[in-house]
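Sequence order for the protein chains is S and H.
Numbering that gives the first Met the number 0 applies: residue 0 is where the first sequence begins, and numbers increase by one.
Numbering that gives the first Met the number 0 applies: residue 0 is where the second sequence begins, and numbers increase by one.
Using N, Cα and C, we set each Cβ at its ideal position, and we do this for glycine too.
Number of protein chains: 2
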Amino acid sequence: MNKSILFNKRPVGKPTLDDFMFSSAAIPVPEAGHILLKTLYVSVDPYLRGRMNDTKSYIPPFELGKPIQSGIIAEVTDSKNDLFKKGDFVSGMLEWKEFQLSDGSGLNKVDASVTPLSTYLGLLGMTGLTAYLGLTEIGAPKPGETLVVSGAAGAVGSVVGQIGRIKGCRVVGITGSDEKSAVLKSKFGFDEAINYKTTHDLREAVRMACPDGVDIYFDNVGGEISDAVLANINKHARLPVCGAISLYNDTRIRLAPRIQPILLTKSATMRGFIVNDFSAKFPAAMKQLALWLKEGKLTHAETIVEGFENIPQAFLDLFDGKNSGKMIVKVRED
Amino acid sequence: MNKSILFNKRPVGKPTLDDFMFSSAAIPVPEAGHILLKTLYVSVDPYLRGRMNDTKSYIPPFELGKPIQSGIIAEVTDSKNDLFKKGDFVSGMLEWKEFQLSDGSGLNKVDASVTPLSTYLGLLGMTGLTAYLGLTEIGAPKPGETLVVSGAAGAVGSVVGQIGRIKGCRVVGITGSDEKSAVLKSKFGFDEAINYKTTHDLREAVRMACPDGVDIYFDNVGGEISDAVLANINKHARLPVCGAISLYNDTRIRLAPRIQPILLTKSATMRGFIVNDFSAKFPAAMKQLALWLKEGKLTHAETIVEGFENIPQAFLDLFDGKNSGKMIVKVRED
Numbered sequence: 000m001n002k003s004i005l006f007n008k009r010p011v012g013k014p015t016l017d018d019f020m021f022s023s024a025a026i027p028v029p030e031a032g033h034i035l036l037k038t039l040y041v042s043v044d045p046y047l048r049g050r051m052n053d054t055k056s057y058i059p060p061f062e063l064g065k066p067i068q069s070g071i072i073a074e075v076t077d078s079k080n081d082l083f084k085k086g087d088f089v090s091g092m093l094e095w096k097e098f099q100l101s102d103g104s105g106l107n108k109v110d111a112s113v114t115p116l117s118t119y120l121g122l123l124g125m126t127g128l129t130a131y132l133g134l135t136e137i138g139a140p141k142p143g144e145t146l147v148v149s150g151a152a153g154a155v156g157s158v159v160g161q162i163g164r165i166k167g168c169r170v171v172g173i174t175g176s177d178e179k180s181a182v183l184k185s186k187f188g189f190d191e192a193i194n195y196k197t198t199h200d201l202r203e204a205v206r207m208a209c210p211d212g213v214d215i216y217f218d219n220v221g222g223e224i225s226d227a228v229l230a231n232i233n234k235h236a237r238l239p240v241c242g243a244i245s246l247y248n249d250t251r252i253r254l255a256p257r258i259q260p261i262l263l264t265k266s267a268t269m270r271g272f273i274v275n276d277f278s279a280k281f282p283a284a285m286k287q288l289a290l291w292l293k294e295g296k297l298t299h300a301e302t303i304v305e306g307f308e309n310i311p312q313a314f315l316d317l318f319d320g321k322n323s324g325k326m327i328v329k330v331r332e333d
Numbered sequence: 000m001n002k003s004i005l006f007n008k009r010p011v012g013k014p015t016l017d018d019f020m021f022s023s024a025a026i027p028v029p030e031a032g033h034i035l036l037k038t039l040y041v042s043v044d045p046y047l048r049g050r051m052n053d054t055k056s057y058i059p060p061f062e063l064g065k066p067i068q069s070g071i072i073a074e075v076t077d078s079k080n081d082l083f084k085k086g087d088f089v090s091g092m093l094e095w096k097e098f099q100l101s102d103g104s105g106l107n108k109v110d111a112s113v114t115p116l117s118t119y120l121g122l123l124g125m126t127g128l129t130a131y132l133g134l135t136e137i138g139a140p141k142p143g144e145t146l147v148v149s150g151a152a153g154a155v156g157s158v159v160g161q162i163g164r165i166k167g168c169r170v171v172g173i174t175g176s177d178e179k180s181a182v183l184k185s186k187f188g189f190d191e192a193i194n195y196k197t198t199h200d201l202r203e204a205v206r207m208a209c210p211d212g213v214d215i216y217f218d219n220v221g222g223e224i225s226d227a228v229l230a231n232i233n234k235h236a237r238l239p240v241c242g243a244i245s246l247y248n249d250t251r252i253r254l255a256p257r258i259q260p261i262l263l264t265k266s267a268t269m270r271g272f273i274v275n276d277f278s279a280k281f282p283a284a285m286k287q288l289a290l291w292l293k294e295g296k297l298t299h300a301e302t303i304v305e306g307f308e309n310i311p312q313a314f315l316d317l318f319d320g321k322n323s324g325k326m327i328v329k330v331r332e333d
């Protein structure tokens, strides 16, 4: 049988397991031009929360009763399409199903001999591209500058910090546990790490960790953490806004000190983005990331959960910060 | 005698006449290398309010007991400096004095035969440069896009709107009276004008005035007016923050809906600036502005107040929106 995970109801506030529903059907058979895909790895990402709201955003909302979609690595198990053969591995935005048909559009072949397949959801996938392009295109890091990253132990944050180091920045990460703080420094080479949950005065902690001020703030979280960093920015600071995980589950509009006077007195730039804003630069970025990975300059970090039925819980765990690096559900061995 | 206006006390909230103090001294005599300047026109600008606070900003605060400074057009009445001769007109950041000495540093000669001298404080001065460079460098207007300008009848706003029209944008101005609204359309060529003081639902008014959404928001005011525009921005909107006149007199930190989710869902860029951020582009910008002025594509707008003793009141009047276009105090005939 072929299990699917459907969108059952729109969450108000924090999502729960009830928002998802399992269903079962026969494994389909491809017609001419189509391929059958077997799901191997599923990416769960904070931005999916946005698609669960019935509001216009950068991508359309999920439809009730239809399968959830996310980045997936799959194996071609049957092909009636000349561009794909049985045994090929592909990555793409696919549905949360064990097996599914595709006409091949939007799929990229990936090479299991170069790196573990899950890497194509992380460092060599949207995660790596988001980190690299957000940091380089908006952050524009220069040697000797100070880069602060929030959500630093997350999928994107842990890559941003490493690239910041490669670019010659002093890198300070903000995260939610002492364990993650230690990992940021020992595994990812961050210069300093701050555990916001045990820090009494975060604004002061950022000031202490950044004696020369903050030139770049790569924001994954929004919220009060970002206010504390904003209080420490330098003139001409660049502030890529990649995510706002601390706000995604809000049921009311949250207030903050007005941003205009801060940006004005510092001649600072704050820019929201999604990775597709930079799609023209994907090939060059991918090449650079692959090279750094090969050279050992980038370390890959994953939290792997096993089993198709655990996809919803893995997604929910993101909002409790249970992942370190990229959260991936392994559905089957490749 | 030679009158000066000194900074008497730091205002808390809205400035008053008591914050200024007049003093008198003999007219000084230049030594070798120096010139004597007679003040003709004085620019009063909202940003001066920031220098009255004892806080680090993009320019140092005014010192108590010392003269206030702003953009001034002066005539050289005595010269012991080979670079200047008696009768030359200059513009520069000078002190609020009827007469003052200078070694010539930071002064630009201006030509009274090309345009009235006061133009060098407005369209061909910092005002014009701020409007042109903020709009083109950050706003990056494209034909057919929609540009919204707040503080639209002010010195910078009225120029921004006109340049937006030259660049082929639909231009909507937000201002504080029906009279100013009418002027925006009849004199400066704005497509639409909104009087925020008589508009019940500003967010809806902006939506109606911008049926295709807002691509560029040139923000001179900060505050709730900006919130209403932000609710209507398009994907990839650009938001130059030029001023925040509605917040300058605040005595407490003002709250607003968090900006990060707005910028994120729209892939929008908000950037604070001062004109000096673009100083490398001043010569080219000045050339363009002078050409448009000559071609009659830009209309100059000034509110002229007469008399040295009226400088402080003219400054205070800015915060009540009593000016239309550039507020200038004429101290003496040129």
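Quick one: is residue i buried, meaning 16 or more other Cβ sit within 10 Å of its Cβ, or exposed?
i: residue 112 (chain H); result: exposed
i: residue 9 (chain S); result: exposed
i: residue 145 (chain S); result: buried
i: residue 137 (chain H); result: buried
i: residue 283 (chain H); result: exposed
i: residue 158 (chain H); result: buried
Could you tell me which of the options sits nearest to residue i, measuring between CA atoms?
i: residue 108 (chain H); options: H:290, H:88 and H:97; result: H:88
i: residue 191 (chain H); options: H:123, H:244, H:134 and H:148; result: H:148
i: residue 264 (chain H); options: S:214, S:251 and S:276; result: S:276
i: residue 34 (chain S); options: S:74, S:79 and S:133; result: S:79
i: residue 179 (chain S); options: S:197, S:169 and S:84; result: S:197
i: residue 326 (chain S); options: S:153, S:297 and S:296; result: S:153
i: residue 42 (chain S); options: S:10, S:312, S:120 and S:322; result: S:120
i: residue 255 (chain H); options: H:212, H:227, H:286 and H:127; result: H:227
i: residue 18 (chain H); options: H:209, H:160, H:290 and H:315; result: H:315
i: residue 40 (chain S); options: S:150, S:59, S:98 and S:21; result: S:98
i: residue 85 (chain S); options: S:46, S:103, S:71 and S:70; result: S:103
i: residue 25 (chain H); options: H:12, H:51 and H:2; result: H:2
i: residue 303 (chain H); options: H:329, H:229 and H:236; result: H:329
i: residue 177 (chain H); options: H:195, H:161, H:186 and H:187; result: H:195
Just curious, the beta strand (DSSP E) that residue i is in, first and last residue?
i: residue 217 (chain H); result: 213-217
i: residue 279 (chain S); result: First-last for residue 279 (chain S): undefined, no H or E at that position.
i: residue 239 (chain H); result: 232-240
i: residue 3 (chain S); result: 1-6
i: residue 300 (chain S); result: Looking at the DSSP string, residue 300 (chain S) is not in any beta strand (DSSP E), and its letter there is neither H nor E.
i: residue 174 (chain S); result: 169-174
i: residue 148 (chain H); result: 145-149
i: residue 224 (chain S); result: From DSSP, residue 224 (chain S) is part of no beta strand (DSSP E) but of the alpha helix (DSSP H) over 222-229.
i: residue 9 (chain H); result: Taken as a continuous stretch (DSSP letters only), residue 9 (chain H) belongs to no beta strand (DSSP E), as it is neither H nor E.
i: residue 261 (chain S); result: Taken as a continuous stretch (DSSP letters only), residue 261 (chain S) belongs to no beta strand (DSSP E), being part of the alpha helix (DSSP H) at 259-265.
i: residue 251 (chain S); result: Unbroken run through residue 251 (chain S): none, as it is neither H nor E.
i: residue 271 (chain S); result: 268-271
i: residue 21 (chain H); result: 19-24
i: residue 191 (chain H); result: 191-194
List the residues that DSSP assigns as beta-bridge partners of residue i.
i: residue 92 (chain H); result: H:70
i: residue 41 (chain S); result: S:71 and S:328
i: residue 208 (chain H); result: None, per the DSSP bridge assignment.
i: residue 100 (chain H); result: H:35
i: residue 133 (chain S); result: DSSP, once it has assigned bridges, lists no residue as partnering residue 133 (chain S).
i: residue 77 (chain S); result: S:35
i: residue 107 (chain S); result: S:90
Name the chain S residues that come within less than 7 Å of residue i, Cβ to Cβ?
i: residue 273 (chain H); result: 266
i: residue 260 (chain H); result: 221, 243 and 246
i: residue 252 (chain H); result: 256
Could you list which residues in chain S have their beta carbon closer than 8 Å to that of residue i, in chain order?
i: residue 230 (chain H); result: The premise fails here: residue 230 (chain H) is roughly 11 Å from chain S at the closest Cβ pair, so nothing lies under 8 Å.
What is the residue span of the alpha helix (DSSP H) that residue i lies within?
i: residue 256 (chain S); result: From DSSP, residue 256 (chain S) is part of no alpha helix (DSSP H) but of the beta strand (DSSP E) over 254-256.
i: residue 179 (chain S); result: 177-185
i: residue 157 (chain S); result: 154-165
i: residue 310 (chain H); result: 310-317
Mind pulling the chain H residues with CB within less than 8 Å of residue i?
i: residue 276 (chain S); result: 235 and 266
i: residue 218 (chain S); result: 259
Under 9 Å between beta-carbons, which chain S residues line up against residue i? List them in chain order, please.
i: residue 365 (chain H); result: One cannot answer for residue 365 (chain H) here, as it falls past the ends of chain H, which runs 0 to 333.
Output, in chain order, the set of chain H residues within a Cβ distance shorter than 7 Å of residue i.
i: residue 240 (chain S); result: 259, 262 and 263
i: residue 206 (chain S); result: None at all; the shortest Cβ gap to chain H is about 14 Å.
Chain H partners of residue i, CB-CB under 9 Å?
i: residue 270 (chain S); result: 262, 266, 267, 268, 269 and 270
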